[in-house]
Every structure is written in structure tokens, then in C-alpha cells.
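Novice:
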Amino acid sequence: LKASLDGPHGLSFGPDGMIYIGEKNQISRFIFAEGKIKDWQIVIGNLARKEGYMHPLSQFTFDPRNGDLYINSGSPSDHCVVQGTGNYKSCPEVETQGNGAIYRVAAASMKNLPAQGVRFYEVTAVGLRNSMAMAISPAGFLIQGENSRDFPELEEPHEEINVIDLENGKGRHYGWPYCYNLHATSPEWLFPENKTNPVLKQFTKPVDCSQTEAKSPGEYQSPWALMPPHVSPLHMNYYRGKMFSDILGGKLLMSWHGYQPTGHRLVAYSVDDQGRPVLKTKDQRATFMMDRKGACPVEKTYEPHGGMNQYAPYEEIISKWNDVKGIRAKGAPVGFTVADDGSIWIVEDRENRTIVRLARTQTANF
73 LKASLDGPHG
83 LSFGPDGMIY
93 IGEKNQISRF
103 IFAEGKIKDW
113 QIVIGNLARK
123 EGYMHPLSQF
133 TFDPRNGDLY
143 INSGSPSDHC
153 VVQGTGNYKS
163 CPEVETQGNG
173 AIYRVAAASM
183 KNLPAQGVRF
193 YEVTAVGLRN
203 SMAMAISPAG
213 FLIQGENSRD
223 FPELEEPHEE
233 INVIDLENGK
243 GRHYGWPYCY
253 NLHATSPEWL
263 FPENKTNPVL
273 KQFTKPVDCS
283 QTEAKSPGEY
293 QSPWALMPPH
303 VSPLHMNYYR
313 GKMFSDILGG
323 KLLMSWHGYQ
333 PTGHRLVAYS
343 VDDQGRPVLK
353 TKDQRATFMM
363 DRKGACPVEK
373 TYEPHGGMNQ
383 YAPYEEIISK
393 WNDVKGIRAK
403 GAPVGFTVAD
413 DGSIWIVEDR
423 ENRTIVRLAR
433 TQTANF
């Protein structure tokens with residue numbers, strides 16, 4: 073149907089009825105009719121990318137209230153790579169290059185597109201390493217699943233759930249690369265430890281990781297909640313289908329793509345009346361599951377660097393999607409969609425690279 077796409081990711085019907093698709097450098101849309109792609113249009117081009125980019129995929133979501141388009145601009149690196157020389161005082165990737173952010177394109181500007189797409193977009197939030205999982209609630213909150221920086225430890229750092237208030241919270245800084253977890257400072261910005269490093273000793277940290285609630289644009293806003301470490305959230309959406317309405321109705325589904333023992337799962341979060349994951353006070357029940365090779369999963373208690381006093385409990389819909397010899401290969405869920413009948417179609421790309429349909433079995437007649 074269409075060849076020469078550059079890193080396609082994200083495929084969704086827009087509020088206008090057209091199909092939208094993301095590529096590394098642009099978002100496009102088209103009409104599919106009579107078995108053919110028609111009226112291909114570039115919605116926005118020249119997204120901030122460069123060679124060797126670590127997070128080039130252009131995930132996006134629509135605001136159900138007004139049709140505005142929100143786009144992920146992932147960071148080029150894990151924890152901000154600067155050259156060995158230079159007068160760097162903060163991370164240029166997020167402060168000056170437009171990466172590690174979420175952009176907004178207003179619905180009104182997409183009605184009559186110029187040939188190369190719109191040129192203007194608004195920066196909605198910064199300090200977000202890679203916003204692959206995004207969904208907007210009817211109340212106007214953008215829920216974001218953060219693919220956090222990587223440490224070699226299996227239990228650090230944790231992925232994040234961030235809640236962005238699209239009416240009153242635009243322009244806030246969500247921490248990357250200066251902060252991780254809720255209130256921990258990244259090692260590159262621990263100044264006493266870096267005083268002998270010719271580059272790092274010049275750094276100044278533009279945000280205060282100990283802060284919880286930002287009071288103005290540019291200030292640090294801590295995560296709404298933490299997820300288990302290394303789960304790599306790649307997609308989320310609210311379940312509004314019929315088939316599983318009794319157990320999943322209104323819940324926020326999320327795919328965890330990670331290859332580490334906490335990943336390869338499909339999970340569901342209960343939400344409040346604003347569409348945000350429900351929070352509970354941290355206690356001994358604040359745990360997550362970690363797979364073990366050849367054994368049952370083990371339950372781990374949340375003990376993140378920087379502390380935690382609240383958590384968002386979740387249910388595992390597909391658990392331990394690991395390899396079982398002679399039965400299945402390891403699965404890594406990427407994206408999913410809900411069909412008209414309420415079944416959930418999941419794309420996984422680990423080994424079999426399959427599309428899996430999650431549905432209720434029919435009652436057998438004997």
C-alpha cells in the first residue's frame with residue numbers, strides 16, 4: 073500500500089476520520105478507500121531528530137475534547153550525552169534542542185494544511201526522556217508513561233507515570249535528565265562527586281528534584297506514580313469495549329515491552345473520576361512482580377532511590393509473557409487496539425513478531 077516509510081510507528085484514526093501515521097521526522101495522514109491509500113498529507117514535518125538518535129519514533133495521541141494533536145519528541149540519549157569539551161551548564165538536548173518533550177499541534181491549524189505540513193507547534197511539557205505511552209482523559213489530563221534512563225541494576229531506576237494538566241500545567245519540567253524516580257538526583261548532577269570532571273563540574277541543575285508540585289512553567293513536577301523498573305511502557309489507552317467491560321471497563325491499559333524480568337506484560341490501572349491512576353498510601357502491599365528463569369515470579373517491594381509515599385496499584389492482564397519451550401516464545405507487547413467487539417489486538421515484536429487477539433472463549437456445547 074505504501075513503501076519507503078521511515079521508521080513508522082503509531083497508527084490511529086484522527087477526529088477528522090483520516091488515518092494518522094508517525095515516522096521519524098514527520099506525522100502524516102491519509103484516507104483509505106477502495107483498498108487504496110488516497111490523499112496523503114504531511115501534518116507536521118521536520119521534527120527534531122539527528123543521526124544516531126536513540127528514540128526516533130514519533131508516537132502521538134489526540135485530545136478527545138478538541139482534536140489537538142500531541143507528539144512525542146524523544147531524547148537522543150539515555151542521560152544526556154555532551155561532548156568531552158565545551159562550556160555546558162545544563163543538558164542542551166532538553167534545554168535548547170527541543171528533545172525530551174511533548175509537542176502540541178492545534179486542531180485548527182490542521183484543517184487546511186500547507187504542502188509540507190504545519191510549521192508551528194507548542195511545547196507542552198519538557199524533561200520527558202521518551203513518551204511512547206500517552207493517553208488523554210476526557211477531563212483534560214495527559215497521562216504519560218515515561219521510559220526512564222537506564223542503570224545496570226535490575227531494580228533501578230523505576231519507570232514513571234506523569235500526569236500533565238493540559239489546562240493549568242503547561243511548560244512544566246518533569247525531570248529528565250536531572251532527576252529520576254520521584255526525588256532522586258541523577259549521578260551526573262551530584263556536584264561534589266563531579267568536582268574533578270572537566271565537563272561535569274561546570275553543570276548547574278535548573279530544577280529542584282526535591283520539589284513535588286511545580287508552581288510555574290519550568291519548575292520540576294514530580295511523577296504521579298512510579299512503575300516497576302525497566303518495564304518500558306510503549307502504549308496506553310482507556311478500555312471502553314464491551315467484551316471485558318465487567319473487569320476492565322474504564323481502566324487504563326498499558327503495554328510493558330521491557331526485556332528485563334519486570335517487562336513483557338499487559339497491565340491495567342484503575343482510574344479516578346479525572347482519568348488518572350488511583351493512588352494509595354505506600355504499605356507492605358506496594359509490590360511488583362519480577363520473573364525468574366525456571367521458577368515462579370517473585371514479589372518485590374517498592375524501595376526506590378529518593379523514597380516513595382504513594383503508589384498506583386495495577387493488575388496484570390497478561391503476566392510473565394516469557395518463553396516456555398515447546399509452547400511459546402517470549403513476547404514483548406508494543407501497541408494494542410480494541411476492536412468493535414471489545415477484543416484486544418496486541419502487536420508484539422520479540423521473536424515471533426505476532427499479532428495476538430485477547431478475547432473471551434465461546435461457551436462450548438457438549
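Remember, our numbering sits 72 above the position in the sequence shown when you count from 1.
By construction, the Cβ of each residue, glycine as well, lies at the ideal position given by its N, Cα and C atoms.
Could you pull out every residue in the same chain whose Cβ sits closer than 6 Å to the Cβ of Cys281, ignoring the five residues on either side in sequence?
Specialist: Cys251, His255 and Thr257
Novice: Considering only DSSP beta bridges, list what Ala297 is partnered with.
Specialist: Ile233
Novice: For my contact list, Gly414 and Met315 are in at a C-beta cut-off of 8 Å; report their separation, rounded to the angstrom.
Specialist: 3 Å
Novice: Between the alpha carbons of Asn97 and Phe213, how many angstroms are there, rounded?
Specialist: 26 Å
Novice: Give me the Cα-Cα distance between Lys108 and Leu351, rounded to the nearest whole angstrom.
Specialist: 46 Å
Novice: Taking a contact to mean a Cβ-Cβ separation below 8 Å, would you say Ile91 touches Phe102 in this structure?
Specialist: yes
Novice: CA-CA distance, Asn394 and Ser342?
Specialist: 25 Å
Novice: What would DSSP say about Leu262, mapped onto helix, strand or coil?
Specialist: coil
Novice: Using the DSSP secondary-structure output, state which residues sit across from Tyr252 in a beta bridge.
Specialist: Ala256
Novice: For Asp363, does the three-state DSSP call read helix, strand or coil?
Specialist: strand
Novice: So, are the CB atoms of Phe134 and Gly86 less than 8 Å apart?
Specialist: yes
Novice: Rounded to whole angstroms, what's the CA-CA distance from Asp88 to Ala358? Just pull it up for me.
Specialist: The alpha-carbon of Asp88 is positioned some 42 Å away from that of Ala358.
Novice: Does the structure place the stretch 277-297 close enough to the stretch 324-332 that three or more beta carbon pairs sit under 8 Å?
Specialist: no
Novice: Using C-beta distances below 6 Å, list every residue in its chain close to Thr284, excluding the 5 sequence neighbours before and after it, in chain order.
Specialist: Ser294
Novice: Look up Tyr383 in the DSSP assignment and give the residues it is bridged to.
Specialist: Lys352
Novice: Out of Pro148, Lys183 and Val370, point me to the one whose CA is closest to Val166's CA.
Specialist: In terms of Cα proximity to Val166, the closest of Pro148, Lys183 and Val370 is Pro148.
Novice: Restricting to Cα atoms, I'd like to know which of Asn202, Thr268, Tyr292 and Leu306 is closest to His445.
Specialist: This structure cannot speak to residue 445, because the chain is shown only from 73 to 438.
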